[in-house]
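Novice: In the working numbering, the protein residues as written are 15 to 321. Glycine residues also receive a C-beta, built at the ideal position from the N, C-alpha and C atoms.
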Ligand code: PMP
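#1: Out of curiosity, what's the CA-to-CA distance linking residue 4 and residue 152?
#2: Just checking my contact of residue 142 with residue 109 at CB under 8 angstroms: how many whole Å lie between their CB atoms?
#3: Compute every distance between the C-beta of residue 209 and the non-hydrogen atoms of the ligand PMP, then say whether any falls below 7 angstroms.
#4: Answer with buried or exposed for residue 238, where buried requires no fewer than 16 other C-beta atoms within 10 angstroms of its C-beta.
#5: With DSSP as the reference, identify every bridge partner of residue 160, one or two as the case may be.
#6: For residue 275, which residues does DSSP report across the bridge?
#7: Select from 286, 229, 184 the residue whose C-alpha is nearest the C-alpha of residue 157.
#8: Which residues mark the beginning and the end of the alpha helix (DSSP H) in which residue 177 is found?
#9: Using the three-state DSSP reduction, which class does residue 29 fall into: helix, strand or coil?
#10: Please tell me whether residue 266 and residue 248 are closer than 8 angstroms, where the distance is taken between their beta carbons.
#11: Please state whether DSSP places residue 56 in a helix, a strand or coil.
#12: Let me check understanding here. Comparing Cα to Cα, which of 34, 59, 70 lies closest to residue 234?
#13: For the segment 251-267 and the segment 94-111, state whether three or more C-beta atom pairs, one from each stretch, are separated by less than 8 angstroms.
#14: Should residue 252 be listed as close to the ligand PMP, given that the test is whether its C-beta is under 7 angstroms from any heavy atom?
#15: Can residue 270 be considered in contact with the ligand PMP, in the sense that its beta carbon sits closer than 7 angstroms to one or more heavy atoms?
#16: Given this structure, state the Cα-to-Cα distance separating residue 242 from residue 292, to the nearest angstrom.
#17: Which same chain residues, not among the five before or five after residue 295, have their C-beta less than 6 angstroms away from its C-beta?
#18: Using the three-state DSSP reduction, which class does residue 153 fall into: helix, strand or coil?
#19: Leaving aside the five residues before and after residue 208 along the sequence, list all residues of the same chain whose C-beta is less than 6 angstroms from its C-beta, in chain order.
#20: Under 7 angstroms: does the beta carbon of residue 308 sit that close to some heavy atom of the ligand PMP?
#21: Once DSSP output is grouped into helix, strand and coil, what is the label at residue 230?
#22: Need the endpoints of the alpha helix (DSSP H) that residue 216 sits in, please.
#23: Excluding the five sequence neighbours on either side, which residues of its own chain have a C-beta within less than 7 angstroms of the C-beta of residue 205, listed in chain order?
#24: Quick one: what's residue 118 bridged to in DSSP?
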């Protein structure tokens, strides 16, 4: 069942009324949308819905729109307020995924260049239970697809069109019998997964590709780096990562809003560490779970309580 309402261009409207005409579908199915993926976690004891790093997501959304030369009528603060208003209106009491999307509306001659202000901005929600309570262990492969690049399709911009690459990578990984994949850049260095950033632990240190490695500037990645340093006192290196460093890692995991924190136990059938969830991954996952559920006062400024 879809939610009863969504936010569209400044108003909360009934879900069924948010339709487009078939001739407008071009803007949705081609190249002109950017979006965000945000999570809200329901804390049953506190009867509170916490949205994780909402202002940061809306700032990244604004950045994606800027690079696309969109001129939205709403500031990141307006979109934060709109999200909270929508969630309150829906009176949600469950783990929720929140998806803002900005789309150019077509002009008669949309191929000659879009009108920067002729935009549709929507915020829609969907029920999406957390996987943080489950024990999933991923066997992944290095994809034969290469990562998209900053000078052609910037991964830093969260554009829907970028996810053609993710789709190709994920479909191939599934056909090859893997649970997921890690994508390399054209120079052979590690970029990220199709839907998440990647971390390796080696000799008690964490290593992750830098933000100039053709990755999305992931908010969860930033969260993990800060928590690892501040709470666990673990050194984190943001740098170019080689493929064989993944094979030799003691621990590996994906992180992202949707994927949360997922342990990887093999890469290209090389067992990572002892083939089980490593201690650093387990601690970070536990901390992340506490933080997003509002059980870690030190990081409560990362949460927007809805009620
Ligand atoms: N990389 C890619 C390609 C992604 O799609 C995502 C999910 N948004 C991430 C990384 C993780 O980003 P974030 O932590 O901001 O959700």
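Specialist: Result, derived from the coordinates:
#1: Outside the shown range of the chain (15 to 321) lies residue 4, about which nothing can therefore be said.
#2: 6 angstroms
#3: yes
#4: buried
#5: 198
#6: 269
#7: 184
#8: 177-189
#9: helix
#10: no
#11: strand
#12: 70
#13: no
#14: no
#15: yes
#16: 14 angstroms
#17: 265, 267, 277
#18: strand
#19: 180, 183, 184
#20: no
#21: coil
#22: Run containing residue 216: none in the alpha helix (DSSP H); it sits in the beta strand (DSSP E), 211-216.
#23: 161, 197, 198, 199, 223, 227, 228, 229
#24: 133
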